[in-house]
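For reference, the structure discussed in these notes is given below.
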Amino acid sequence: MNEETGIDPENIENGDELYERFSITVDRGQEPLRIDKFLINRIERGTRNKIQQAINTGMVLVNGKEIRPNYKVRPADEIVVFSDTDPEETEVVPENIPLNIVFEDPDIMVINKPIGMVVHPGSGNYHGTLLNGIAYHLRQQNPEINENVLPR
-17 MNEETGIDPE NIENGDELYE RFSITVDRGQ EPLRIDKFLI NRIERGTRNK
33 IQQAINTGMV LVNGKEIRPN YKVRPADEIV VFSDTDPEET EVVPENIPLN
83 IVFEDPDIMV INKPIGMVVH PGSGNYHGTL LNGIAYHLRQ QNPEINENVL
133 PR
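Going by the working numbering, 116 is the number at position 134 of the sequence shown; the sequence numbering is gapless.
Here is the structure:
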């Protein structure tokens, strides 16, 4: 058991609701690559710093075992990443934020994002993000819109 996280790799159940869980199977053709570099392209809202922190605290398992930060992924590795972030903390709340929409049709929206504007809510930036503005804009067009259409 990892003392910092309290995660016991031997006793993890699929239904564990304490952590959000991401499972990734490495493709058979994958070249060896450091796990942090591999995960940065596969975990939404993941930063290299957060991924390294998760590895160091035992919240990343490969084939059911904790790994070191220099671990290189191999084909068919089973990677499980746990997040102790409450999914509700990153709920997208529609906010009336002026958007510079360059083009929009039913399938795509092109926005000129201002420098410095955070894209996704999270890590202390839960309001005033581009996604909050997009949610508001889409709700104005269709109040019944499902939040699953928002990019994550």
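Note that the Cβ used here is the ideal one computed from N, Cα and C, for glycine as well.
Since the structure is predicted, the reported quantities are computational estimates derived from the model, not experimental observations.
Check your understanding: To the nearest angstrom, how far is it from the Cα of residue 77 to the Cα of residue 47?
Key -> As a working note, residue 77 is residue 95 in the sequence shown. As a working note, residue 47 is residue 65 in the sequence shown. The alpha-carbon atoms of residue 77 and residue 47 are separated by roughly 42 Å.
Exercise for review: Could you please give the first and the last residue of the uninterrupted alpha helix (DSSP H) stretch that includes residue 3?
Suggested key: Indexing the sequence shown from 1 puts residue 3 at position 21. From DSSP, residue 3 is part of no alpha helix (DSSP H) but of the beta strand (DSSP E) over 2 to 7.
Review point. Taking just the CA atoms, how far does residue 35 sit from residue 11?
Key: In the sequence shown, counting from the first residue as 1, residue 11 sits at position 29. In the sequence shown, counting from the first residue as 1, residue 35 sits at position 53. If I take the Cα positions, the gap works out to 27 Å.
**Study point:** Simplified DSSP state of residue -5, which is helix, strand or coil
**Key:** Here residue -5 corresponds to residue number 13 of the sequence shown, with the count starting at 1. Because the pLDDT of residue -5 is 48, which lies under 50, any placement of that residue in the model is unreliable, and the question is left without a value.
**Study point:** Straight-line gap, residue 57 to residue 7 (C-alpha atoms, nearest Å)
**Key:** Counting from 1 along the sequence shown, the entry for residue 57 is found at position 75. Counting from 1 along the sequence shown, the entry for residue 7 is found at position 25. So the alpha carbons of these two residues sit roughly 8 Å apart.
Review point. What's the C-alpha gap between residue 79 and residue 17?
Key: Along the sequence shown, one-based indexing puts residue 79 at 97. Along the sequence shown, one-based indexing puts residue 17 at 35. Roughly 37 Å separates the two Cα atoms.
Point to revise | Limits of the unbroken alpha helix (DSSP H) element including residue 17 | key: In the sequence shown, counting from the first residue as 1, residue 17 sits at position 35. Taken as a continuous stretch (DSSP letters only), the alpha helix (DSSP H) holding residue 17 covers 17 to 22.
Exercise for review: Output yes or no for whether 8 Å exceeds the beta carbon distance between residue 104 and residue 81.
Suggested key: To locate residue 104, count along the sequence shown from 1; it is residue 122. To locate residue 81, count along the sequence shown from 1; it is residue 99. Cβ distance not < 8 Å, so residue 104 and residue 81 don't count as in contact.
Exercise for review: Just mark residue 37 as buried or exposed, buried being the case when its beta carbon has 16 or more other beta carbons within 10 Å.
Suggested key: To locate residue 37, count along the sequence shown from 1; it is residue 55. Result: buried.
Check your understanding: In whole angstroms, what is the alpha-carbon distance linking residue -7 and residue 65?
Key -> Position 11 of the sequence shown, counted from the first residue, corresponds to residue -7. Position 83 of the sequence shown, counted from the first residue, corresponds to residue 65. Because residue -7 carries a pLDDT of 49, less than 50, the predicted location of this residue cannot be relied on, and no value is offered for it.
Practice item. Return the bridge partner residues of residue 95 from the DSSP annotation. Key: Within the sequence shown, residue 95 is the residue found at index 113, counting from 1. Its beta-bridge partners do not exist; DSSP assigns none.
Exercise for review: For residue 65, verify whether its CB is less than 7 Å away from any heavy atom of the ligand ZN.
Suggested key: The ligand ZN is not part of the structure shown, which contains no ligands of any sort.
Exercise for review: Would you grab the beta carbon distance between residue 20 and residue 55 for me? Rounded to a whole angstrom, and I think it's under 8 Å.
Suggested key: Counting from 1 along the sequence shown, the entry for residue 20 is found at position 38. Counting from 1 along the sequence shown, the entry for residue 55 is found at position 73. With 8 Å as the limit, residue 20 and residue 55 qualify as a contact, their Cβ atoms being about 5 Å apart.
Check your understanding: If you drop the 5 nearest sequence neighbours on each side, which residues of the same chain put their C-beta closer than 6 Å to that of residue -4?
Key -> Here the question's residue -4 lines up with position 14 in the sequence shown. Residue placement at residue -4 is flagged as unreliable, the pLDDT there being 47, under the threshold of 50; a coordinate-derived value is accordingly withheld.
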